[in-house]
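Chemist:
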Amino acid sequence: MGIRLQARSDRADAARLRPTRFPVGAVIVAADGVALLLGVSLVGPHDPVGLAYAIVAFVLLVAGAGCRGRIDLRLSEDVARLLGLLATSVLLIIPFFGPGDLGSLVAALPGIVAIVLIIRGAAYWTIRAARARGLIAEPTLLVGTGDLGCRLADALRHHPEYGLSVVGFLGDGEADPLGRTHPEGFDPTDPFPVPLLGPMTQLADIVREHRIRRVIIAFDRTSEREMIPVLRGCDQLSVEIHVMPRFFELGVSPEGSRTDDVWGIRLERLRRSALRTFDWRAKRLFDIVVAGVLFLLTFPVLVVSMIAVKVTSDGPILFRQSRVGQRGETFEMLKLRTLYENDGGDTSWTKDVETQVTPVGHFLRRTSIDELPQLLNVLRGQMSLVGPRPERPYFADRFGNAVTGYTDRQRVPAGLTGLAQVHGLRGDTSIVDRAQFDNHYVEHWSLWRDIVIITRTMGAVLRGKGS
Numbered sequence: 342m343g344i345r346l347q348a349r350s351d352r353a354d355a356a357r358l359r360p361t362r363f364p365v366g367a368v369i370v371a372a373d374g375v376a377l378l379l380g381v382s383l384v385g386p387h388d389p390v391g392l393a394y395a396i397v398a399f400v401l402l403v404a405g406a407g408c409r410g411r412i413d414l415r416l417s418e419d420v421a422r423l424l425g426l427l428a429t430s431v432l433l434i435i436p437f438f439g440p441g442d443l444g445s446l447v448a449a450l451p452g453i454v455a456i457v458l459i460i461r462g463a464a465y466w467t468i469r470a471a472r473a474r475g476l477i478a479e480p481t482l483l484v485g486t487g488d489l490g491c492r493l494a495d496a497l498r499h500h501p502e503y504g505l506s507v508v509g510f511l512g513d514g515e516a517d518p519l520g521r522t523h524p525e526g527f528d529p530t531d532p533f534p535v536p537l538l539g540p541m542t543q544l545a546d547i548v549r550e551h552r553i554r555r556v557i558i559a560f561d562r563t564s565e566r567e568m569i570p571v572l573r574g575c576d577q578l579s580v581e582i583h584v585m586p587r588f589f590e591l592g593v594s595p596e597g598s599r600t601d602d603v604w605g606i607r608l609e610r611l612r613r614s615a616l617r618t619f620d621w622r623a624k625r626l627f628d629i630v631v632a633g634v635l636f637l638l639t640f641p642v643l644v645v646s647m648i649a650v651k652v653t654s655d656g657p658i659l660f661r662q663s664r665v666g667q668r669g670e671t672f673e674m675l676k677l678r679t680l681y682e683n684d685g686g687d688t689s690w691t692k693d694v695e696t697q698v699t700p701v702g703h704f705l706r707r708t709s710i711d712e713l714p715q716l717l718n719v720l721r722g723q724m725s726l727v728g729p730r731p732e733r734p735y736f737a738d739r740f741g742n743a744v745t746g747y748t749d750r751q752r753v754p755a756g757l758t759g760l761a762q763v764h765g766l767r768g769d770t771s772i773v774d775r776a777q778f779d780n781h782y783v784e785h786w787s788l789w790r791d792i793v794i795i796t797r798t799m800g801a802v803l804r805g806k807g808s
């Protein structure tokens with residue numbers, strides 16, 4: 342099973358020995374900005390607002406197109422996508438041009454397209470040349486010590502133009518008679534100087550220790566179920582993760598801006614964790630603005646409800662309970678009290694306390710008015726408008742031990758509503774299904790999805806299908 346590695350070029354060794362960090366994505370976006378400036382200048386003098394809009398629209402579109410994480414940069418692979426982006430940009434800027442300027446814009450489009458493609462191609466060539474000379478070499482970790490992982494390591498050493506410097510492997514390995522540890526796919530007599538750094542469970546620690554920029558998963562004996570919690574441990578690390586798809590040799594792997602071919606081996610880049618994106622920081626601002634507006638709009642309803650709780654049953658107006666939020670940290674969640682005073686609320690499941698709901702409490706629960714004080718939790722930063730619903734510590738511990746992936750949902754702040762809740766998973770419903778929906782929300786988060794979930798929640802409240 343061993344793979345004999347051939348003699349390495351000095352240039353490949355230089356690339357391996359001098360791992361560097363380089364803002365490849367920033368260079369590409371800057372090149373697109375220069376290309377657009379030159380291209381639009383062919384049209385002649387125009388309204389400055391229209392010109393500025395053209396530049397911003399195109400750069401933003403390209404910046405979000407996935408080039409930042411690409412390994413194999415080739416213009417031939419990007420022509421169709423670039424033309425689509427250009428067409429979208431033109432449609433967006435047409436309203437800013439007067440009737441007399443549209444003709445000159447159309448006439449200049451072929452020149453604009455040519456300039457964009459030429460400069461993008463030149464940027465790709467420059468980056469590949471810098472990589473080949475060892476000027477750009479991103480520290481890379483290979484996870485999996487089987488035949489495919491070893492083939493990929495060999496290809497990256499022979500082809501430094503990909504810009505990846507293999508620091509080591511994670512996974513199972515074998516020790517040679519001299520006590521050295523090698524990946525199982527290598528001949529122990531071969532002087533391949535890439536160490537086996539540890540088991541897969543140490544992925545996050547080794548990424549931090551060696552300042553890894555890219556992780557490539559070459560599945561061998563490890564199942565996806567075992568790898569999921571390991572990969573989720575890298576959610577907040579500045580690292581790109583690529584996966585070698587199963588059966589890629591049969592042509593069943595996806596195509597798109599997230600895929601790369603590295604010397605005949607297909608890699609798919611995992612979607613960047615929402616926790617590390619600018620959009621996620623914008624989520625907090627969204628929470629503050631929307632929660633603040635909702636609190637002001639619903640304040641009269643909240644006051645009336647608080648009076649009703651006070652005069653119809655004994656006990657405090659607000660119900661305060663310890664809940665588990667992001668990273669397993671506990672906080673005091675607020676609700677309007679809907680039960681007669683109950684000492685077992687921290688360890689009693691929903692169906693056990695239904696008989697203790699007050700007459701006003703039934704109405705408050707059905708309309709979800711009892712949840713309004715949680716807007717204060719959102720404004721304090723303890724919760725988000727949308728996210729996994731927080732659980733009591735007693736049950737969080739139980740579910741964390743019994744349900745696979747349950748604690749993974751705590752990677753993000755708890756929410757006032759969530760994807761599981763808009764699918765009817767409230768009260769005494771499947772915890773396994775809730776964890777699945779919550780983790781799906783985290784993996785595929787977007788600000789638009791938050792808006793959709795809030796809209797669906799408001800629809801359910803108006804139909805009287807609250808908690």
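Just so we're on the same page, our numbering is the position in the sequence shown counted from 1, plus 341.
Beta carbons: idealized from backbone N, C-alpha and C, even for Gly.
Remember, predicted model here, so these are calculated numbers, not experimental data.
1. Helix, strand or coil: which one does DSSP assign to glycine 633?
2. What residues in its chain sit with their C-beta under 8 angstroms from that of arginine 461, if we drop five residues either side in the sequence?
3. Following the continuous alpha helix (DSSP H) through aspartate 495, name the residue where it begins and the one where it ends.
4. My output table needs one value for threonine 481: the three-state DSSP class, helix, strand or coil.
5. Using 8 angstroms as the threshold, is the region 748-765 in touch with the region 715-729, meaning 3 or more CB pairs across them?
6. Exposed or buried, which one is proline 518 when buried takes at least 16 other CB atoms within 10 Å?
7. What three-state label does DSSP hand serine 417 in the structure shown?
8. For glycine 633 and methionine 799, I'd like the C-alpha separation in whole angstroms.
9. With distance defined between alpha-carbon atoms, name the residue in Pro451, Ala455, Ala559 nearest to glycine 487.
10. Can you tell me whether glutamine 662 is helix, strand or coil according to DSSP?
11. Can you look up methionine 647 in the DSSP assignment and give me helix, strand or coil?
12. Write down the C-beta distance between isoleucine 569 and leucine 482 rounded to the nearest angstrom, noting that I regard them as a contact closer than 8 angstroms.
13. Restricting to Cα atoms, I'd like to know which of Leu544, His551, Arg610, Leu426 is closest to isoleucine 412.
14. Within 10 angstroms of its Cβ, does tryptophan 789 collect 16 or more other Cβ (buried), or is it exposed?
15. Anyone know if the C-beta pair for leucine 811 and phenylalanine 636 falls short of 9 angstroms?
16. Does the beta-carbon distance from glutamine 762 to arginine 730 come in below 9 angstroms?
17. Please tell me whether serine 654 and tyrosine 681 are closer than 9 angstroms, where the distance is taken between their beta carbons.
18. In or out: asparagine 742 buried (at least 16 other Cβ within 10 Å) or exposed?
19. What is the DSSP secondary structure of valine 793, reduced to helix, strand or coil?
20. Does the Cβ-Cβ distance between leucine 497 and serine 506 come in under 9 angstroms?
21. Which residues in the same chain as arginine 566 place their Cβ atom closer than 8 angstroms to its Cβ, once the five residues preceding and following it in sequence are excluded?
22. Would you identify the three-state DSSP class for leucine 433, choosing helix, strand or coil?
23. Alpha carbon to alpha carbon, what distance is there between leucine 572 and glycine 520?
24. Please check the pair aspartate 779 and arginine 797, which I expect to be a contact at CB under 8 angstroms, by giving their CB distance rounded to whole angstroms.
25. May I ask which residues mark the beginning and end of the alpha helix (DSSP H) holding arginine 775?
26. What's the gap between the Cα of arginine 752 and the Cα of glycine 509?
27. For glutamate 609, which three-state DSSP category applies?
28. Where do the ends of the alpha helix (DSSP H) carrying isoleucine 547 lie?
29. Whose CA, out of Arg739, Gly605, Thr770, lies closest to the CA of tyrosine 503?
30. Going by DSSP, what residues sit across from lysine 676 in a beta bridge?
31. Report the three-state DSSP secondary structure of arginine 767 (helix, strand or coil).
32. What are the residues that DSSP puts in a beta bridge with arginine 555?
33. Using the DSSP secondary-structure output, state which residues sit across from valine 368 in a beta bridge.
34. Let's test the definition: count the other Cβ atoms within 10 Å of the Cβ of tryptophan 786 and tell me whether it reaches 16, buried, or not, exposed.
35. Please state the DSSP three-state secondary structure of valine 535.
36. Just the Cα atoms here: how many angstroms apart are arginine 469 and aspartate 620?
Modeler: Let me spell this out:
1. Of the three classes helix, strand and coil, the one that applies to glycine 633 here is helix, per DSSP.
2. Non-local C-beta neighbours of arginine 461 in its own chain, meaning closer than 8 angstroms and more than five positions away in sequence, comprise Ile369, Ala372, Asp373, Ala376, Leu416, Asp419, Leu423, ordered along the chain.
3. Counting along the chain, the alpha helix (DSSP H) containing aspartate 495 begins and ends at 488-499.
4. Residue state for threonine 481 is assigned as strand, using DSSP reduced to three classes.
5. Yes: at least three Cβ pairs fall under 8 angstroms.
6. Residue confidence for proline 518 is low, a pLDDT of 40 falling below 50, so the modelled location carries little weight; the figure read from the coordinates is stated next. With fewer than 16 other Cβ atoms within 10 Å, it is exposed.
7. DSSP places serine 417 in helix when its eight states are reduced to three.
8. Rounded to whole angstroms, the gap between the alpha carbons of glycine 633 and methionine 799 is 16 angstroms.
9. When C-alpha distances from glycine 487 are compared across Pro451, Ala455, Ala559, the shortest belongs to Ala559.
10. Glutamine 662 falls in the strand class under three-state DSSP.
11. When secondary structure is reduced to three states using DSSP, methionine 647 falls in the helix class.
12. With 8 angstroms as the limit, isoleucine 569 and leucine 482 do not qualify as a contact, their Cβ atoms being about 18 angstroms apart.
13. Ranking the options by Cα distance to isoleucine 412, first place goes to Arg610.
14. Exposed, by the Cβ-count rule.
15. Here the chain covers residues 342 to 808 and nothing more, so residue 811 does not appear.
16. Closer than 9 angstroms, so yes.
17. Result yes, Cβ atoms of serine 654 and tyrosine 681 sit closer than 9 angstroms.
18. It is exposed - the Cβ of asparagine 742 has fewer than 16 other Cβ atoms within 10 Å.
19. It is helical.
20. The answer is yes: Cβ separation under 9 angstroms.
21. The answer, listed in chain order, is Thr745.
22. DSSP places leucine 433 in helix when its eight states are reduced to three.
23. For glycine 520, the pLDDT reaches just 45, beneath the cut-off of 50, and the residue's location in the model is therefore unreliable, leaving the point undetermined.
24. The distance from the Cβ of aspartate 779 to that of arginine 797 is about 16 angstroms, inconsistent with a contact at the 8 angstroms cut-off.
25. Note, arginine 775: alpha helix (DSSP H), 772-784.
26. Distance between the alpha carbons of arginine 752 and glycine 509 is about 28 angstroms.
27. Glutamate 609 carries a strand assignment under DSSP once its states are collapsed to helix, strand and coil.
28. Start and end: 544-551.
29. Per the Cα distances, Gly605.
30. Under DSSP, lysine 676 shares a beta bridge with Phe660.
31. Coil, per DSSP.
32. Arginine 555 has Thr481, Glu581 as its beta-bridge partners, per DSSP.
33. DSSP lists no partner for valine 368.
34. The residue in question, tryptophan 786, is buried, as its Cβ has 16 or more Cβ neighbours within 10 Å.
35. Correct three-state label for valine 535: coil.
36. Just so you know, the alpha carbons of arginine 469 and aspartate 620 end up roughly 30 angstroms apart.
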